[in-house]
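Colleague: Following the numbering used here, the numbering of the sequence shown begins with 319 at its first residue and continues without gaps.
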Amino acid sequence: MAFFDIDPDIRKAKTHPSEFYLDPQFFELSKIKIFERSWHFLCHESEVDSLKPVTLLPGVIDEPVLVARDGSELRCLTNVCTHRGKILVEEPCKANLIRCGYHGRRFSLDGKFLSMPEFEGVEDFPSKADDLRQLPLANWNGFLFTSIEPLTDLAAFIGDAAPLIEFDSSKPLKQTATREYHVKAHWALYCENYLEGFHIPYVHKSLNEVVDYGSYTTETFRYSSLQVGLSAEPSQEVAARYLFIFPNLMFNFYEWGVSVNVVRPVSPDETVIEFLTYVSDESKLDEGAGADLHGVEMEDEAVVESVQRGIRSRFYSQGRYSPTREQGTHHFHRLIAEFMG
Ligand code: FES
Ligand SMILES: [Fe+2]
Numbered sequence: 319m320a321f322f323d324i325d326p327d328i329r330k331a332k333t334h335p336s337e338f339y340l341d342p343q344f345f346e347l348s349k350i351k352i353f354e355r356s357w358h359f360l361c362h363e364s365e366v367d368s369l370k371p372v373t374l375l376p377g378v379i380d381e382p383v384l385v386a387r388d389g390s391e392l393r394c395l396t397n398v399c400t401h402r403g404k405i406l407v408e409e410p411c412k413a414n415l416i417r418c419g420y421h422g423r424r425f426s427l428d429g430k431f432l433s434m435p436e437f438e439g440v441e442d443f444p445s446k447a448d449d450l451r452q453l454p455l456a457n458w459n460g461f462l463f464t465s466i467e468p469l470t471d472l473a474a475f476i477g478d479a480a481p482l483i484e485f486d487s488s489k490p491l492k493q494t495a496t497r498e499y500h501v502k503a504h505w506a507l508y509c510e511n512y513l514e515g516f517h518i519p520y521v522h523k524s525l526n527e528v529v530d531y532g533s534y535t536t537e538t539f540r541y542s543s544l545q546v547g548l549s550a551e552p553s554q555e556v557a558a559r560y561l562f563i564f565p566n567l568m569f570n571f572y573e574w575g576v577s578v579n580v581v582r583p584v585s586p587d588e589t590v591i592e593f594l595t596y597v598s599d600e601s602k603l604d605e606g607a608g609a610d611l612h613g614v615e616m617e618d619e620a621v622v623e624s625v626q627r628g629i630r631s632r633f634y635s636q637g638r639y640s641p642t643r644e645q646g647t648h649h650f651h652r653l654i655a656e657f658m659g
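#1: The beta strand (DSSP E) with T496 in it runs from where to where?
#2: Does the Cβ of A558 have 16 or more other Cβ atoms within 10 Å, making it buried, or fewer, making it exposed?
#3: Just mark G608 as buried or exposed, buried being the case when its beta carbon has 16 or more other beta carbons within 10 Å.
#4: Quick check on the DSSP output: the alpha helix (DSSP H) that includes R612 runs from which residue to which?
#5: Throw me the rounded Cβ distance for the V366 and V385 pair, which I believe falls under 8 Å.
#6: Considering only C-alpha positions, which residue in the set S635, M616, D449 and D599 is nearest to R423?
#7: Are the CB atoms of T589 and A503 within a distance shorter than 8 Å?
#8: On the DSSP bridge assignment, give the partners of A558 in chain order.
#9: Taking 7 Å as the cut-off, is the C-beta of N457 nearer than that to any heavy atom in ligand 2?
#10: Pick from G532, I563, L340 and E408: whose alpha carbon is nearest that of L653?
#11: Is L491 near V597, with beta carbons less than 8 Å apart?
#12: What residue range is occupied by the uninterrupted beta strand (DSSP E) comprising C418?
#13: Would you please state the rounded distance, in angstroms, between the beta carbons of L374 and E381? I believe it to be under 8 Å.
#14: Measuring only from the beta carbon, is V614 closer than 7 Å to any heavy atom that is part of ligand 2?
#15: Name the one or two DSSP bridge partners that N397 has.
#16: Report the CB separation of Q645 from I324 in whole angstroms; it is logged as a contact under 8 Å.
#17: I'd like the span of the beta strand (DSSP E) that includes C361, first residue to last.
#18: In angstroms, rounded to a whole number, what distance separates the CA positions of K489 and P583?
#19: Where do the ends of the alpha helix (DSSP H) carrying G646 lie?
#20: Is F485 helix, strand or coil when you go by DSSP?
#21: Along the chain, where does the alpha helix (DSSP H) containing E337 start, and where does it finish?
#22: Is the beta carbon of V529 closer than 8 Å to that of S549?
#23: Could you please give the first and the last residue of the uninterrupted beta strand (DSSP E) stretch that includes S524?
#24: Under a Cβ-count criterion, where at least 16 other Cβ atoms within 10 Å of its own Cβ denotes burial, should N570 be classed as buried or exposed?
#25: How would you write the range of the beta strand (DSSP E) that Y572 sits in, first residue to last?
#26: Which term fits N397, buried or exposed, when burial requires 16 or more other beta carbons within 10 angstroms of its beta carbon?
#27: Does the CB of P410 have a neighbour CB from chain B at under 8 Å?
#28: Looking at the unbroken beta strand (DSSP E) that takes in F475, where does it start and where does it end?
#29: For L374, which three-state DSSP category applies?
#30: Comparing C-alpha positions only, which one of G439, D428 and V407 sits nearest to G419?
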């Protein structure tokens, strides 16, 4: 049996052996096999005045790119000068062209080479290689994504989860906060905890009071999954929708807006989680499932770090799944097997 092999039948399946999380070689391999072929969150379109630099997953993809607004057109370009390689734009700014601060090379907002001082007489210059390379850019409800070498387009990554989100993109969203959490655990352990509501009654006492555990659902799609929690009140309205886009993006839709969590691997036992808060209705910030996200995060980190210590045990290798409560985790493990295999 191959190392990366998770039975499609959840009742027969076993989780990944602990070596997957512990062996640095698998960690390095996942950068190429998983992260270079998937989509990465850039920002919300409202954050782009004209030029916004973003480093894609520092330490993993570690690629400096630039989101450029050119009239109504948004593009993702490499943020590296084609002359000697300086980073072109260091801070978000308003501009009608891109000018390198090293020797004055200029580009238009669509990445085309415009001019360069002191280059008279240089042969075959300028050529296509002097333009800035363009990366794919996907816009989903105003959220922007890019990829190095996508396996397929973003719409296919989100798949049939999209219509179930019922997201009203006409309401303006404002980024009100960003925060980084440092977790002493493998990135996949953090994700697989997120992917099941099974632990809610045990780990999240206060969340359990506002979300109805009995009606909590998980649906899986080709490269995404969606968990829906209904409010514990008699009205049973949707309290939260948790969309996971493989391998590391979490879009949490609450009454007040969206909390985007980007899971950034650092090493086999260290992960940074970026929490990006986009608010559409401030008056609802302290209500329901989206109220105490920091408290819930602390509870999640404690269990995930405990698992990281547990899987090092010589007496633990792999486990089994609950067919009714761990479909999201099983689906995630199957995707890891597919990408790594
Ligand atoms: S590196 Fe940009 S002009 Fe020289
Ligand atoms: Fe949790």
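From the three backbone atoms N, C-alpha and C, an ideal C-beta is built for every residue, glycine too.
Modeller: The answer reads as follows:
#1: It spans K492 to V501 - the beta strand (DSSP E) in which T496 sits, taken as one unbroken run.
#2: That one is buried.
#3: Label assigned to G608: buried.
#4: Residue identity differs from the one stated: residue 612 is His in this sequence, not Arg. Counting along the chain, the alpha helix (DSSP H) containing H612 begins and ends at L611 to G628.
#5: The C-beta distance from V366 to V385 rounds to 5 Å, short enough to meet the 8 Å contact threshold.
#6: Of the listed residues, the one whose Cα sits closest to R423 is D449.
#7: Result yes, Cβ atoms of A503 and T589 sit closer than 8 Å.
#8: Assignment of beta-bridge partners to A558 by DSSP yields G547.
#9: No; taking the cut-off as 7 Å, the Cβ of N457 has no heavy atom of ligand 2 nearer than that.
#10: Minimum Cα distance to L653 is reached at I563.
#11: Result yes, Cβ atoms of L491 and V597 sit closer than 8 Å.
#12: That residue, C418, is in no beta strand (DSSP E); it is neither H nor E in DSSP.
#13: Indeed, because the Cβ distance is near 4 Å, the residues count as touching under 8 Å.
#14: Yes; taking the cut-off as 7 Å, the Cβ of V614 has a heavy atom of ligand 2 nearer than that.
#15: BP columns for N397 are empty, so no partner.
#16: Not a contact, Cβ separation roughly 12 Å.
#17: First-last of the beta strand (DSSP E) with C361: H358 to H362.
#18: Taking the straight line joining both Cα atoms gives about 33 Å.
#19: DSSP places G646 in the uninterrupted alpha helix (DSSP H) bounded by Q645 to M658.
#20: The answer is coil: DSSP assigns F485 none of H, G, I, E or B.
#21: Taken as a continuous stretch (DSSP letters only), the alpha helix (DSSP H) holding E337 covers E337 to L340.
#22: The answer is yes: Cβ separation under 8 Å.
#23: Per DSSP, S524 belongs to no beta strand (DSSP E); it is in the alpha helix (DSSP H), K523 to V528.
#24: Buried.
#25: For Y572, the enclosing beta strand (DSSP E) starts and ends at L567 to Y572.
#26: Label assigned to N397: buried.
#27: The structure shown contains no chain B, having only a single protein chain.
#28: Unbroken run through F475 is the alpha helix (DSSP H), L472 to I476; no beta strand (DSSP E).
#29: Here DSSP, grouped into helix, strand and coil, assigns L374 to strand.
#30: Closest by alpha carbon: V407.
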